[in-house]
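Single-structure report; data block below.
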Amino acid sequence: MKEEALYDLFRRKLMEWFASSHRPMPWKGEKDPYLIWLSEVILQQTRVEQGLPYFERFRAQYPDIRSLANAPEDELMKLWEGLGYYSRARNLHQAAKYVANELEGRFPDTYEGIRQLKGVGPYTAAAIASFAYGLPYAVVDGNVSRVLARFFGIDSPVDSGAGKKQFAALAQALLSQTAPGRHNQAMMDFGATHCTPRAPLCRDCPLQQACRAFQQDRVAELPRKEKKPEKKTRFFHYLIFNRQGQAWIRKRTEKDIWRNLYDFPLLELGHPAQGVGEIQNSGCWQQRMGQEQAQNIRASRPFLQLLTHQKIQASFWEIELADETPFNSEGLIAVKRENLSKFAFPRIIDWYLNDNSLYLKLL
Ligand code: SF4
Numbered sequence: 000m001k002e003e004a005l006y007d008l009f010r011r012k013l014m015e016w017f018a019s020s021h022r023p024m025p026w027k028g029e030k031d032p033y034l035i036w037l038s039e040v041i042l043q044q045t046r047v048e049q050g051l052p053y054f055e056r057f058r059a060q061y062p063d064i065r066s067l068a069n070a071p072e073d074e075l076m077k078l079w080e081g082l083g084y085y086s087r088a089r090n091l092h093q094a095a096k097y098v099a100n101e102l103e104g105r106f107p108d109t110y111e112g113i114r115q116l117k118g119v120g121p122y123t124a125a126a127i128a129s130f131a132y133g134l135p136y137a138v139v140d141g142n143v144s145r146v147l148a149r150f151f152g153i154d155s156p157v158d159s160g161a162g163k164k165q166f167a168a169l170a171q172a173l174l175s176q177t178a179p180g181r182h183n184q185a186m187m188d189f190g191a192t193h194c195t196p197r198a199p200l201c202r203d204c205p206l207q208q209a210c211r212a213f214q215q216d217r218v219a220e221l222p223r224k225e226k227k228p229e230k231k232t233r234f235f236h237y238l239i240f241n242r243q244g245q246a247w248i249r250k251r252t253e254k255d256i257w258r259n260l261y262d263f264p265l266l267e268l269g270h271p272a273q274g275v276g277e278i279q280n281s282g283c284w285q286q287r288m289g290q291e292q293a294q295n296i297r298a299s300r301p302f303l304q305l306l307t308h309q310k311i312q313a314s315f316w317e318i319e320l321a322d323e324t325p326f327n328s329e330g331l332i333a334v335k336r337e338n339l340s341k342f343a344f345p346r347i348i349d350w351y352l353n354d355n356s357l358y359l360k361l362l
């Protein structure tokens, strides 16, 4: 089949499928670029089921871009808590301030203008441009590349530089010029619900007859990916100093994961701590306690959180301080334990706080 005819067939079958199968979502058919942007940023790296309640909460709390721009940062981070990839929330905030202050509150209405917003890459810009303004820009993400790699039987790794260019060009060539927003939405839904990574619904697929991967029995092989380097493991030891029902936390301001979230004084080692001696000999301990040793220390079991490029293994060391024990709280915030939930913590800390009856060993 000639290429143009194949493209036509793909578009037609995809739209037929979409007409009968598309998922109702609160942001579908939305024309307000602000709400489209909000939903797209929330859904990056996030499953729809997880992102949906966040979208609803954000929409209720910040119904327009000015209200988001004026939000206190801590409030926004708290609302974002649990979604991960917190740079998204910081970028949202900065971009909202930019639109409110520099663009008089008017959301940009060109692809290039949308791309100027902090944290908006080609995918999000194409989604906003096509959904809100009907501009012909194709979305390309993992779902879209997978569908294209399979349907056209393409071996290029979807995550290589050359592969990305190839899939972007193909997606753009395929894009319906008359209904780009609807076409993009159909591609996104088809990849997310039908041509899925592990169990694609090939038997009931309207594209089956022309799908090269299916015809050549290569569905499980495609898409190809480049080999990923091993994730680095970081060992976090959180020191939770307690006195009379109060603990000390700090805001993470360094250029690292979880910036602007809160955590406890942190000792990072290249390995799990060998015991309480290693904790009490550390610089982090001595900064707070000097040469003072504590009698009452409990260690939690290790908690594990997988991030995109690293694994975090965290242990929590609860230290009960007597009234007279000297403690240097410089740079820390004293918080009653029952008020800890008012602060935005990384998820691994929330897991611990919700599970802190579990001490596997008492030191
Ligand atoms: S036949 Fe299977 S692999 Fe091909 S497009 Fe349909 S679901 Fe995807």
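Going by numbering that gives the first Met the number 0, the sequence shown opens with residue 0, and the numbers climb by one from there.
C-beta atoms are modelled at their ideal positions from N, C-alpha and C, and glycine is treated no differently.
For histidine 182, write down the residues that DSSP places opposite it in a beta bridge. For histidine 182, which the question treats as bridged, DSSP gives no partner whatsoever.
Within 10 Å of its beta-carbon, does proline 325 have 16 or more other beta-carbons around it, so buried, or fewer, so exposed? exposed
With DSSP as the reference, please indicate the residues paired to lysine 310 in a beta bridge. Thr232, Leu305
The ligand SF4 and valine 218: does any heavy atom of the ligand fall closer than 7 Å to the residue's C-beta? yes
Only counting the same chain, and skipping five residues up and downstream in sequence, which positions put a Cβ closer than 6 Å to that of asparagine 431? Residue 431 falls outside the range modelled here, since the chain spans only 0 to 362, and no answer is possible.
Let me make sure I understand the geometry here. Which of Ser314, Glu267, Leu75 has the alpha-carbon closest to that of alanine 343? Leu75
DSSP has tryptophan 316 in a bridge; who is on the other side? Leu238, Ala298
Taking the CB atoms as reference points, tell me whether glutamate 378 and isoleucine 113 lie closer together than 8 Å. Nothing about residue 378 can be read from this structure; the chain reaches only from 0 to 362.
Can you look up valine 334 in the DSSP assignment and give me helix, strand or coil? strand
Which residue spans inside the stretch 80-118 form an unbroken beta strand (DSSP E) run of at least 3? none
According to DSSP, which residues form a beta bridge with glutamine 245? Arg242, Lys335
I need the boundaries of the alpha helix (DSSP H) containing glutamate 2, first residue and last residue. 2-20
Aspartate 349 by DSSP, collapsed to three states: which one? helix
Quick one, which of Leu34, Pro222, Thr45, Ala95 has its alpha-carbon nearest leucine 67's? Ala95
Would you report the Cα separation of asparagine 69 and leucine 102, rounded to the nearest angstrom? 15 Å
Three or more beta-carbon pairs under 8 Å between the stretch 228-246 and the stretch 278-288, yes or no? yes
Taking a contact to mean a Cβ-Cβ separation below 8 Å, would you say alanine 185 touches methionine 0 in this structure? no
So, with DSSP's three-state summary, where would you put leucine 174? coil
Count the other CB atoms within 10 Å of the CB of threonine 195; is the residue buried (16 or more) or exposed (fewer)? exposed
Answer yes if the stretch 312-332 comes into contact with the stretch 282-296, meaning at least three C-beta pairs across the two stretches below 8 Å, and no otherwise. yes
Give the single residue among Thr232, Ala209, Gly269 whose Cα lies nearest to the Cα of leucine 5. Ala209
By how many angstroms is the C-alpha of glutamine 214 removed from the C-alpha of arginine 11? 19 Å
Cβ shell of leucine 174 (< 7 Å), same chain only, five flanking positions each side left out: Pro135, Ala137, His182
Within the structure, which residues are defined as neighbours of the ligand SF4 by a Cβ-heavy atom distance below 7 Å, reported in chain order? Val146, Arg149, Phe150, His193, Cys194, Pro199, Leu200, Cys201, Cys204, Leu206, Gln207, Cys210, Ala212, Phe213, Val218
Inter-residue spacing [alpha-carbon to alpha-carbon] between glutamine 312 and proline 345: 13 Å
Ignore the nearest five residues each way along the sequence and tell me which others in glycine 269's own chain have a CB closer than 7 Å to its CB. Phe234
Nearest to aspartate 354 by CA position, among Ile248, Ser299, Cys204, is which residue? Ser299
Cut-off 7 Å between Cβ atoms - residues of its own chain near proline 205, not counting five sequence neighbours on either side: Lys12, Glu15, Trp16
Every unbroken alpha helix (DSSP H) inside the stretch 117-146 [4 residues or more]: 121-132
Less than 8 Å between the C-beta atoms of isoleucine 153 and valine 98, yes or no? no
For phenylalanine 240 and proline 301, I'd like the C-alpha separation in whole angstroms. 18 Å
Minimum C-alpha distance to glycine 133 - residue among Phe106, Lys30, Gln245: Lys30
Roughly how many angstroms separate the alpha carbons of aspartate 73 and alanine 59, rounded to a whole number? 17 Å
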